[in-house]
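Each residue of the sequence shown is one higher than the one before, starting from 3 at the first, in our numbering.
Virtual Cβ for every residue (Gly too), placed ideally from N, Cα, C.
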Amino acid sequence: MNIKTCLALVLAFAGLNAHAADKPNLIYILLDDAGYGDLSCYGQTHFRTPNMDRLATEGMRFTDHYSGSTVCAPTRCSLMTGLHTGHTFVRGNREVKPEGQAPMPADIVTIPRLLKGAGYATGAFGKWGLGAPGSESDPAEHFDLFFGYNCQR
């Protein structure tokens, strides 16, 4: 799935709840292996990132970033739970056969679950990497809509 398709799905889904003026739309974007200076809205000059620049112009820009971990799955777990990496349940990119990663516990409190409880429509698009299909950490357990894949490969 390319970045344009992913971004289009995110923006389309974000608009589903646009009528609720009292609740802001929230979009979390996690880019693997991207650094602070990789987007042109933060001063990168070697290539353009116009769609990300537009989101930054129309929304909020954050200038202090901290990665939950040096690898994918623990970073995603930290982002989804709000827990420091030392307190998360996913500590590495350990693969679980036939497809997927070590899952989070079934009763884990995640930001998507909290948002759903507050009346938000939720969706995730792209790589999940926090549990195999059918596991207790299947993305369908956390989001109203998921379009992507589970494996780190």
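Under a Cβ-count criterion, where at least 16 other Cβ atoms within 10 Å of its own Cβ denotes burial, should R96 be classed as buried or exposed?
-> Exposed: under 16 other Cβ atoms inside 10 Å.
Buried or exposed: M82, going by 16 or more other Cβ atoms within 10 Å of its Cβ?
-> Buried.
Straight-line CA distance for E60 to Y44?
-> Their backbone Cα atoms lie some 14 Å apart in a straight line.
Quick one: using the 10 Å Cβ neighbour count with 16 as the cut-off for buried, is T77 buried or exposed?
-> Buried is the call here.
Around the C-beta of T72, are 16 or more other C-beta atoms found within 10 angstroms, so that it is buried, or is it exposed?
-> So T72 ends up on the exposed side.
Coarse secondary structure for G2, derived from DSSP in three states | Absent from the structure is residue 2, since the part of the chain shown begins at 3 and ends at 155.
Would you kindly check if the distance between the Cβ of E143 and the Cβ of P107 is under 8 Å?
-> No, the pair does not count as a contact, with Cβ atoms beyond the cut-off.
With L132 and V92 assumed to form a contact (beta carbons below 8 Å), what rounded beta-carbon distance in angstroms separates them?
-> With 8 Å as the limit, L132 and V92 qualify as a contact, their Cβ atoms being about 6 Å apart.
Helix, strand or coil for A142, going by three-state DSSP, please let me know.
-> Helix, per DSSP.
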